[in-house]
Every structure is written in C-alpha cells, then in structure tokens.
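Right, one structure below, let's go through it.
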Amino acid sequence: MATRRHGRVLVWSLAVVLLVGAGLGGVAVWQNTYALREERITVRHDGRSLDGVLARPERGDGPFGLVVFVHGDGPVDATHDTFYRPLWESFAKAGYASLSLSKPGIGASEGNWLDQSMDDRAGETLAAITWARARPDIDARRIGLWGASQAGWVLPKVAARDRAVRFVIAVSPAVDWQQQGRYNLLAGLRENGATEDEKHAALRRREANLRLLRQGATFEEYRTAVGDTDGMTAERWRFIAKNYRSNASEDLRAMRGTRTLLVLAGHDVNVDVADTEAVYRRILPPASLTVRHYPDATHSLVDHAVENSEPRLALTAVFAPRRLHAPGFLADQRRFVEQITDRTDREATD
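Residues 1 to 350 (the UniProt record's numbering) make up the sequence shown, in order.
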C-alpha cells in the first residue's frame, strides 16, 4: 500500500539543497539531528544478509526496551528516507531502542522484496527479534513491534508465532487484502472526481483481475487478457499473486493477550479504518486493546494539511520534521511504551 507521502519524499532532498544554498543549511541540519545513537547492523535470515539500523537512546548502557519496525508496501530502507527518526527519538525518550531493516534488495540488503509473501516478511521480523535478544543492551522482556499499512498482515503473524512479543503498535493497518483493495480503489476514484461510469468500469477491471489471480494466471496471460497493464509489472503481479488472499483475522485471534495500540487516521484513503477498528474490537479483548484516532491525519499519520501541500511538506520535513506527524501522535507512541515498562516492572515485583 503506497502513500502519496512516500511518493513525494524525494522533494525533501531537493529542498535541503535549495535551502543550504540560501544560507539556511545550519538550521536544517540542527532540526534533523536526533538524540539517538545509530548503529548499522546486519541480520542474517534465510541465507541472506539484511542491512539495518539499531537506534539506541543517546545515553546509557541499557538494557533498553526495543521496538522492531515492520514497513508498509514499497521499496523501503531502514530509515524510511529518515521518516522514522522522529519516532525513534520519541521511543528513545521512553528508554527504548528501535530496530529497522532495509527490505530485501534495498540498501545493502540482499534479495528482492517483491519475491516475499507476508509469511516471508514475518520470518525476517522474527529473525530480527532473535538477533536483538542476544544483545546485552536489549531487555528481552520489553520487545515489541511497530508497523504501518501492509504490516497489518505481518504484525499478527509475528506476535502469534512469538508469544514473548510484549506489544504491537499497528498504524493504519488493513485486515483483508481484497476488501482493502476495493476500498482504496473507490476512495481514490472519489478523490479524483470520477464519474459513476468510470467507477463501474474500474470495478469491472478489478473483478477481472481477481478472476485471473484465482486462476493462477501468469503475467503474460494477464497482459493478454487486459491489454493495458496500467503500470503493472511482472514482478508486481507475482507479488500480488502471492499475497492477495491475505487476511489478518485468524492471526489476530492468536494474539489476544498481546498489548495492542491501534492507530487510525481520519483522512485514510488506503484503509477502511471503520472496518479495521470493528475487526480489532471484535477479536481483541478491551483489556489489551487501545485505539487512538487522529482525525486530521492521512494514512501515513502525516498531518493532512501538510501532506497536501508540496511546499509545506518539503519545508516541514527540513525545518520541523517532528511536526510532520499529526498532533499528539509522537507523544502517544511514547506514552504507550512507557506504560509497557511500568507494567513489566510491576510484574517483576509481584
């Protein structure tokens, strides 16, 4: 699930160049300096090396709690083009390190992320957790997951397979791949002012694509059937064919005892947040589930007004990157993991 913000991230680098040329580079550097100690790391999984970053609090030897990041869709590197750093800093203030891997084929990571199923993605996340537990500066009692968008199909798999995972933070997660795809299609058409005829035509094309997927059609067969592939590549077709049946419901049932923070945005055209919330509330007990709504946020939890203005997005990313996210989002993330620490400490003394 790509976001418009992800597509615009290259604007940030251009803005930095322009602003440095205008004599404002010092301010930009200061605003993009974080209270973190970042360490480049390598995790081995399934015969491949995965490049990553371990971002620890600026001071202290630990052991620190740990937030393991699980990306959404797309070719994402360990820092998500620096977008994660304000989050890492927020967690660091609560005494937590953050661990994030570049997707296979991105940065120095070996492989190709488009070859992965959601089970594959869960496997590499479990490998990252295993790697982290071997470090003396990580508190194995306080390891949890943070994931956005497509990670909605990965997080429950990981938590279901590793019962020692302490918490899950699910940001704009989807539940059912096919339901989400239909919602995303219609929301995008509405936003672009499509006519009813155009909507019906798009839905017919979608149903035709699903029939081809159910039949196990190759990309060549798909291309012959539809003619205009509308940007679809052979690699992307194979990726969709592996994953289009994904549904998080069953794995969610297996993580009923895991503390979960569900984060939902008011301007999400990628995920049907009402459906997602209903499923999470139906499956997870109230005692373990916390839901936070951000009415002015987009799918990526960027402030809606910021994301929808190219100049404002670029300038905010350079001069105030901690204000890219919707108001309260970073503070709420920090408070949630602080509560995990408090609960862990109480349990240790009982």
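The beta carbon of each residue, even a glycine, is placed where N, CA and C say it ideally should be.
### Query
By a C-beta neighbour count over all protein chains shown, 10 Å radius and 16 as the cutoff for buried, is A159 buried or exposed?
For the purposes of this step, residue 159 is taken as residue 159 along the sequence shown, with counting starting at 1. Flag for A159 reads buried.
### Task
On a CA-only basis, which of L261, H267, E207 and L262 is nearest Y244? Give me that one, please.
Along the sequence shown, one-based indexing puts residue 244 at 244. Here the closest residue by C-alpha is E207.
### Query
What are the complete alpha helix (DSSP H) segments, minimum 4 residues, inside the region 69–156?
DSSP runs (the alpha helix (DSSP H)) wholly in the region 69–156: 85–93 and 118–133.
### Message
Which residue marks the beginning of the alpha helix (DSSP H) containing V226, and which one marks its end?
### Response
Sequence index remark: in the sequence shown, residue 226 carries index 226 (1-based). Segment F219 to V226, the alpha helix (DSSP H) holding V226.
### Query
What does a CB cutoff of less than 7 Å around P295 pick up in its chain, not counting 5 residues either side in sequence?
As a first step, residue 295 is located in the sequence shown; it is residue number 295 there, counting from the start. Cβ neighbours of P295 beyond the five flanking positions: G266.
#### Entry: Proximity to R40 [Cα-Cα], best of V76, S102 and G95
Reading the sequence shown from its first residue, position 40 is the one you call residue 40. In this structure, S102 is the residue among V76, S102 and G95 with its C-alpha nearest to the C-alpha of R40.
### Query
Measuring CA to CA, which of A248, H71, H293 and A187 is closest to L262?
In the sequence shown, residue 262 corresponds to position 262, counting from 1. Closest option to L262, Cα to Cα, is H293.
### Query
According to DSSP, what are the bridge partners of Y294?
In the sequence shown, the residue the question calls residue 294 occupies position 294. Partner(s): A265.
### Query
Taking the beta strand (DSSP E) that R44 falls in, what are its first and last residues?
Along the sequence shown, read from residue 1 onward, the residue named residue 44 stands at position 44. Element bounds for R44: L36 to H45.
### Task
Thinking T276 and V175 are a contact (beta carbons under 8 Å), I'd like their distance in whole angstroms, please.
For this step, residue 276 is matched to residue 276 along the sequence shown. For this step, residue 175 is matched to residue 175 along the sequence shown. Rounded, the Cβ-Cβ distance is 6 Å, consistent with contact.
### Euclidean distance between Cα positions of T33 and T229
Taking the first residue of the sequence shown as position 1, residue 33 is located at position 33. Taking the first residue of the sequence shown as position 1, residue 229 is located at position 229. Whole-angstrom Cα-Cα distance: 43 Å.
### Message
Residues in the same chain with beta-carbon distance under 8 Å from E198, minus the five sequence neighbours each way, listed in chain order, please.
### Response
Taking the sequence shown and counting its residues from 1, one reaches residue 198 at position 198. L189.
### Task
Check whether the Cβ atoms of W177 and V67 lie closer than 8 Å to each other.
Mapped onto the sequence shown, residue 177 falls at position 177. Mapped onto the sequence shown, residue 67 falls at position 67. No, the pair does not count as a contact, with Cβ atoms beyond the cut-off.
### Task
Would you list the residues sitting across from T260 in a DSSP beta bridge?
Position 260 of the sequence shown holds residue 260. Bridge partners of T260: V168 and L289.
### Task
In angstroms with no decimal places, state the Cα-to-Cα distance between L212 and L301.
Taking the sequence shown and counting its residues from 1, the one referred to as residue 212 is at position 212. Taking the sequence shown and counting its residues from 1, the one referred to as residue 301 is at position 301. Between L212 and L301, the C-alpha separation is close to 34 Å.
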